[in-house]
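*Asks:* In the numbering used here, the protein residues as written are 126 to 445. Glycine included, every Cβ here is placed at the ideal spot set by N, Cα and C. These numbers were taken from a predicted model, which means no experiment stands behind them.
1. Would you mind listing the beta strand (DSSP E) stretches within the segment 303 to 375 that are 3+ residues and don't spill past its ends, in chain order?
2. Relative to the C-alpha of residue 353, which residue among 377, 144, 243 is closest?
3. Rounded to whole angstroms, how far is the Cβ of residue 204 from the Cβ of residue 411, which I believe are closer than 8 Å?
4. In the DSSP assignment, the alpha helix (DSSP H) including residue 207 goes from what residue to what residue?
5. Express the C-alpha separation of residue 206 and residue 179 in angstroms, rounding to a whole number.
6. Please state if the CB of residue 216 and the CB of residue 280 are separated by a distance shorter than 8 Å.
7. Which residues bound the beta strand (DSSP E) around residue 417?
8. What three-state label does DSSP hand residue 212 in the structure shown?
9. With H, G and I counted as helix, E and B as strand and the rest as coil, what does DSSP make of residue 292?
10. For residue 323 and residue 417, I'd like the C-alpha separation in whole angstroms.
11. Please name the residue or residues paired with residue 130 in a DSSP beta bridge.
12. Tell me whether residue 263 sits in a helix, a strand or coil according to DSSP, three-state version.
13. Tell whether a beta-carbon distance below 8 Å holds between residue 358 and residue 262.
14. Could you round the C-beta distance between residue 172 and residue 156 to whole angstroms and report it? I think they count as a contact, below 8 Å.
15. What are the residues that DSSP puts in a beta bridge with residue 174?
16. Count Cβ pairs between the segment 424 to 432 and the segment 179 to 191 that sit closer than 8 Å; are there 3 or more?
17. For the putative contact between residue 365 and residue 209, defined by C-beta atoms under 8 Å, what is the C-beta separation to the nearest angstrom?
18. Between the Cα of residue 139 and the Cα atoms of 128, 131, 153, 350, which residue gives the shortest distance?
19. So does the segment 238 to 248 actually touch the segment 314 to 333, counting three or more Cβ pairs closer than 8 Å?
20. Give the single residue among 227, 211, 234, 424 whose Cα lies nearest to the Cα of residue 264.
This is the structure in structure tokens:
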């Protein structure tokens with residue numbers, strides 16, 4: 126790194142002593158810090174930068190542009206239920222999940238390249254040599270408003286009264302629009318009014334750890350390309366994980382951790398996600414984070430990874 130300013134950006138230059146220096150095409154790469162989305166887009170349009178991520182308000186203007194593209198990473202945004210909440214039984218939890226149209230959330234509300242979540246394991250996570258985990262397990266988090274109403278009626282009958290529910294969420298661009306959208310979905314598809322309790326991320330996490338709640342919006346980014354990076358989280362009985370920690374679920378995850386046969390290991394994990402969501406609805410996936418961008422056509426082989434180091438410039442080149 127030859128230049129660095131936290132407010133301005135940084136620059137890196139090709140190291141001739143690097144072991145694979147001959148594979149590096151560019152002599153210098155510059156990153157600019159531009160926190161305002163409109164200012165970043167203006168810089169791109171002025172020819173000052175070669176790639177820019179778009180804010181959701183700008184995406185619709187450029188979807189037909191040949192320089193437009195999208196990609197998603199392995200960060201799953203989900204709804205975490207408190208499985209011990211006196212306000213919600215499993216049928217009410219299933220009703221809430223089924224009442225949310227994830228396609229509209231990802232493509233209409235967020236519009237940043239996000240993908241609808243079929244579960245808590247992100248789209249694209251490895252399954253086997255033929256299919257991804259998500260393709261193998263199908264959508265265990267899905268939208269079905271008619272079935273949602275059936276579960277809601279059954280849950281109310283079991284509970285004896287209709288509860289007043291509160292949705293706990295962090296403040297910030299990742300959560301604000303999502304919380305309002307979910308509130309509207311539950312109003313439209315279940316006819317209920319849910320209160321939004323928005324806090325700083327730390328305050329929300331502290332609240333989830335310290336006391337019971339109805340349900341909360343949260344997220345987890347994969348540490349590695351395998352379903353276990355998500356599934357092992359719910360072996361905990363902590364409030365932050367919804368007080369779940371069901372022994373049968375723990376047994377499935379433990380079996381997967383110890384199983385040497387890849388096919389058997391995979392099946393344990395597929396069964397675990399189904400138990401976590403379809404059977405017990407301790408959690409439900411909402412969307413996988415994504416990005417929309419503009420990039421100059423002369424920029425070649427700039428690689429963005431969904432996990433680990435987000436961008437690799439080793440093979441990038443400018444070909445005009």
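*Replies:* The relevant details are as follows:
1. Secondary structure remark: continuous beta strand (DSSP E) runs of at least 3 residues inside the segment 303 to 375, in chain order: 320 to 324, 340 to 346.
2. If we check each option's Cα against that of residue 353, 377 comes out closest.
3. That pair is a contact at about 6 Å.
4. Residue 207 -> no alpha helix (DSSP H), and no H or E assigned at all.
5. Residue 179 and residue 206 have their alpha carbons spaced roughly 32 Å apart.
6. Yes, they are a contact pair.
7. Its beta strand (DSSP E) spans residues 408 to 420.
8. The answer is coil: DSSP assigns residue 212 none of H, G, I, E or B.
9. Strand, per DSSP.
10. Whole-angstrom Cα-Cα distance: 27 Å.
11. DSSP lists 134 as partners of residue 130.
12. Coil.
13. Not a contact, by the Cβ cut-off of 8 Å.
14. 17 Å between Cβ atoms; not a contact.
15. In DSSP, residue 174 forms no bridge with anything.
16. Output reads no: the segment 179 to 191 does not touch the segment 424 to 432.
17. Not confirmed; about 13 Å, so no contact.
18. Of the candidates 128, 131, 153, 350, the one whose C-alpha sits nearest the C-alpha of residue 139 is 153.
19. Taking a cut-off of 8 Å for Cβ pairs, the segment 238 to 248 and the segment 314 to 333 do not touch, as fewer than three such pairs fall below it.
20. Ranking the options by Cα distance to residue 264, first place goes to 227.
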